[in-house]
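Report on one structure; see the data block that follows.
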């Protein structure tokens, strides 16, 4: 059955975490069918083509950046960091929701995470991959990137461990590794399911290799559970630590607008905020086009809306405190920085960000709006725009007018700035399109577990 | 903008006119007939050197590359050749060259005909760096932007490299033959058709040769024309004294100075010396020190004006009225003065008069070249009345070998040419096709000359119109001599054999006399040997040989300074007034602070140099005062058409605080069409509105907006003025709020010597997370910059370019905020928009002890030395730019692209071999000239001595005309820098950040007249 050509018309929205009436077999069918169906759907192919087009833009942009130098971007002195670091922080932030959902909520035993954790985790990995390109690409001499790693060098040189950029290297690489392992571990039982259900020999062999010999024995399951818990335990602190370290890139510096102790919690909240926005951005169309309303239910959307509202309020609090402290501190540089943010040449970006992150998402207080998928989708885009602008405003307004007025300058992005950013969107969506086609985008075994629990609950009630 | 098409006048385009111009030369019948196919084939046949210089479709960098490739072989083969004659090293005299150890030779740069004493660093025969000559009276070790940048001109790949005959590559030997034929006719008539045009000539040897030429060709004429020469000053002296004299000022004795439209610290032949004397006379070492007082009345902000204790912006045309009013106050019969302009109150004039009168013999009135001759004469009368003659003003014989009214000289030449009397014209080192006054139809008349020869560094606008073009030897390739500002003579000795076989004026003049192979060295030496017989130039008993060697070694000839001349202004001097229009708009034309009269337009260091005040690069603009801009509805970057008596020029507007109302200033020297790849098509050419009657100030101007915009690129003050604002923009406001510039009056300082510590400097020793490091090594480097001395002349920036192999990035990249200058002159304005005080502040790496750049570098590419230097390890840098982001002073510079020119071979020998040429993706910044420190340390280690104070000079310090920069050992309490830092005026920028900068500043002091309020 081609899910895209499925002619079911009646969508039954449900308030449960899974629509009633599902059995082990039906959930397995629904998820594996999305992968094993042939031929590929036209809409999927069109989407992939678009993403590949953007990926080509990335290739072109990076090719130019690596050949000519970062001078093709709009950065300068004083604004040494521009879109690249903005994008880096943005993508890293987006990744956070996946880890939060898969690890943190697992430990919290939140059942509703089940049907969204797989693609959210995939989103994390792809987002981190996109993020990871920027620190590399933004270097003046990117071919020497390995100098940031502590490798044994005959000259006895080491990275300079006081620099937050070195911490970044550790934080991001750890994050990517742990996320990848956690994600793949979770995939194993489902890959085995795909292997078992595949009709073609070749596909069987590929999934067979990928599933690493998973047979579903009790000892496999027992070790799987332990490993999952351990990895969740490892991942959970990363939700907090990675973006804290990323925020150190700014707080460690002495630039007004960067040098602030509020940044770590503020960045973590912002990361989860934008990450959940991205999950919604992905989930709502997926749910619609693959008819996953049974699995990604109104309850999920409602919960995610609430998480966004909560983290958005933390972010809002941070903005207010940041402004308050700038004036309360009596520090003229901070005060000027804040005034300049609000009234200077980049005031438009600042007020747009305030609208996107503070004002717009307040509609989520209302349950009706939280349960309106397309409104949520719109809000999620607004929040992601706002979070991107937030990083832009922090970086640019901090740098472009700092201490010595004679060196004040402006940052104007060039076409290569935009192309690099759009290009990473291409990379992200290319990976994501491939993912939804070749991997089960919802964790089948966890859904079966959920069905089991629901049936158990139902039995308990009927007694 | 003018010449946006960038099309050059060249032979091909002039071809069709050949029919109409009867006397015009032609190469073939086809050309004569204007055959179209021929024109096409001609254009295809001679692309090299002609179409290449046509910038259409080529950007500067590509052009430099192409030019460099063609220039490369010639440059490489010649660059290690030593001049055949004996030259005498200045500082050391080794047995032979020691690789890695530079030698220094004294020489002099003729600039506007007058010498500037230099000491040139030579690495294995390659001159790499120009310094002032400490023993030279006109330099005392300082050098200006023109001297510093001249070394780049030497290696400029766009320099003319071969003789051209009718646009074809030719040879010097062919020229000798061709010229010989031309001279045959001239010999017959006694040279009746022979004319020689040069710039201002002060060289005694050259004058002697010229005399000899003129005696051989008695009917020939020698004309001089220096486009930015001192025409009015010369005529002013004649008006006052009935003869030409040279005026020398003694700022070391001047306590009260009145400057009338004068940029005496920048634009005069003696500027370097004047600036030094002025700064020394105002140097404050403690509350007991005294300062001179400077009043400046000027139309255009000048660095002299920025030093003034009272500056009055005033239309140049109105300044005469004020000068007459002051003169009347001094008791002179000052003629019928126009009423005082409203900007100047009678009280102010009276106060100035009282101040001058109470300093008889120690006051000084100086007048700028822009003012008419009558004002110069008036100043002579005032100085005489104040008893300054012989004290602060000294007169000598004119510097010029043959002082003359040069504008008239050029006019005479052109009228001779026009009437067909001129058959052979030698244009030596001038470019009149570009810079002749607009009402002197030089180009039209030139075509009537049968045989025209051009000698020049570049195949320029004039070369294009001449039959022959001969490459000229750069002064660093030439033997010669030149008079300095005070009349003494310096020998110009070459550092290198001519890279492209260039010829000197002396050689061409020798050729006129039929001597084809005489060496200029022998001519100069011979002249002085001959002179030493008759004159007392040489100490008794010494041989000429030792006199000659001493002179070469010292850089000037002992005993050649002319004695002071006793002259008295005639009684009616003060009454002679010029008829100046005192109504409406005026346009002031001035030599450009970077490219001067346009001859330096192809020098990229100068082009990229931020002009004083405006911080403009790669352009010239019409400077307009904020009030006038508001009245005329002009905004920055509006293109304005100026019309004066049917002549017009279009230029973009820059609104500049401090510019006088109703006065528009446009700098000369731009809009070149054949300057080279750097200078072609840059800016607006102001010569088309410059007339011989009004070479500097044009009145009766109408200015109208064309509706066009021209993008201006500045390195600071990106949005200098908000149109609606009446205050100077927030950049400057913040600079004062943040204590970056600290200023007090001398009176305040005497009362409260620690005013510069206000607000009290907190946390100079605030706690730090890291363990404190005590700088206990023998050396601990630091720098002190005296804002009271810095005049903002930019010389340090160019010196830094040369010393540290700094790249030029071009207009677009400067616009992107990527200029690479390691040291910059920040200018902040304070006060009223139309008459603000302007303050210069040098900004360079402060070598913070708690350097914020260091701890954020992920690879440790910027680290601290035990001697307190903040080091940059280029090899280790991966280019994250985090250090620059975290630098509160934003003094780091990043190679966003490959800015270093790795492809132009002729530029390779220019580079300082002791400094790495940086590649793309690497951060760089001021190093306190670490290569000089290391050189001294190695020498001290080897000789087991200690480094003496003053032994190490940074490049910026060495060139600084006013000694504003002092570098040295902070661990030596007796060092100059320690003593300066011990002053109460010493303050560090942003000390409250606890970065502990090693570079500190001495607060600026002003010495206003208490009688003048506001």
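Chains as they are written, first to last, in the working numbering: chain A, 1 to 463; chain B, 1 to 1014.
All C-beta atoms in this analysis are idealised placements derived from N, C-alpha and C, irrespective of residue type, glycine included.
Computed from a prediction, not measured in an experiment: that's the story for all the values here.
Cβ of residue i within 7 Å of any chain B Cβ
i	result
residue 152(A)	no
residue 406(A)	yes
residue 163(A)	yes
residue 543(A)	No answer is possible for residue 543(A): the residues shown for chain A start at 1 and end at 463.
residue 399(A)	yes
residue 285(A)	no
residue 245(A)	no
CB contact check: residue i to chain A, cutoff 7 Å
i	result
residue 990(B)	yes
residue 793(B)	no
residue 681(B)	no
residue 79(B)	At residue 79(B), the pLDDT of 46 sits below 50, so the modelled position is not reliable; the number obtained from the coordinates is stated separately. False, the Cβ-Cβ gap to chain A never drops below 7 Å.
residue 816(B)	yes
Bridge partner(s) assigned by DSSP for residue i
i	result
residue 838(B)	829(B)
residue 788(B)	Answer by DSSP bridge pairing: none, since residue 788(B) is not bridged.
residue 704(B)	641(B)
residue 986(B)	1002(B)
residue 596(B)	592(B)
residue 586(B)	663(B) and 699(B)
residue 1016(B)	The structure shown does not extend to residue 1016(B), since chain B is modelled only from 1 to 1014, so the question has no answer here.
Reduced DSSP category for residue i - H, G, I as helix; E, B as strand; rest coil
i	result
residue 783(B)	strand
residue 975(B)	coil
residue 520(B)	helix
residue 1022(B)	Lying before the first or after the last residue shown, residue 1022(B) is absent from chain B, which here runs from 1 to 1014.
residue 222(B)	strand
residue 8(A)	Because residue 8(A) sits at a pLDDT of 44, beneath the cut-off of 50, its placement in the model cannot be relied upon, and the point is left open.
residue 427(B)	strand
residue 96(A)	helix
residue 78(B)	Confidence in residue 78(B) is poor, its pLDDT being 44 and thus under 50, which makes the residue's placement too unreliable to answer from.
residue 946(B)	coil
residue 547(A)	This structure leaves residue 547(A) out entirely; chain A is present only between 1 and 463.
residue 26(B)	Its pLDDT being 46, under 50, residue 26(B) is placed unreliably by the model, and the measurement read from it follows with that caveat. Three-state result, residue 26(B): coil.
residue 411(B)	helix
residue 959(B)	helix
residue 490(B)	strand
residue 295(B)	strand
residue 617(B)	strand
C-beta contact flag for residue i and residue j at 7 Å
i	j	result
residue 242(A)	residue 151(A)	no
residue 433(A)	residue 47(A)	yes
residue 269(B)	residue 114(B)	yes
May I ask you to list, following chain order, the residues of the region 316-331 of chain A that have a beta carbon less than 8 Å from some beta carbon of chain B?
none
Quick one, which residues of the region 61-86 of chain A are near chain B if we go by CB-CB under 9 Å, in chain order?
68, 69, 70, 71, 72, 73, 74, 75, 76, 77, 78, 79, 80 and 81
Give the residues from the region 460-480 of chain B that approach chain A closer than 8 Å (Cβ to any Cβ), ordered along the chain.
none
Relative to chain D, which residues along the region 873-902 of chain B have a C-beta separation below 9 Å, given in chain order?
In the structure shown, chain D cannot be found, because the protein chains are A and B.
Near-chain B residues of the region 332-353 of chain A - C-beta to any C-beta below 8 Å:
332, 333 and 336
Please list, in chain order, the residues of the region 843-860 of chain B that have any C-beta partner in chain A closer than 7 Å.
843, 852, 855, 856, 857, 858, 859 and 860
Interface positions of the region 900-921 of chain B facing chain A (Cβ-Cβ less than 7 Å), listed along the chain:
920 and 921
Taking Cβ-Cβ distances below 8 Å as the criterion, which residues of the region 821-842 of chain B are in contact with chain A?
824, 826, 827, 828 and 841
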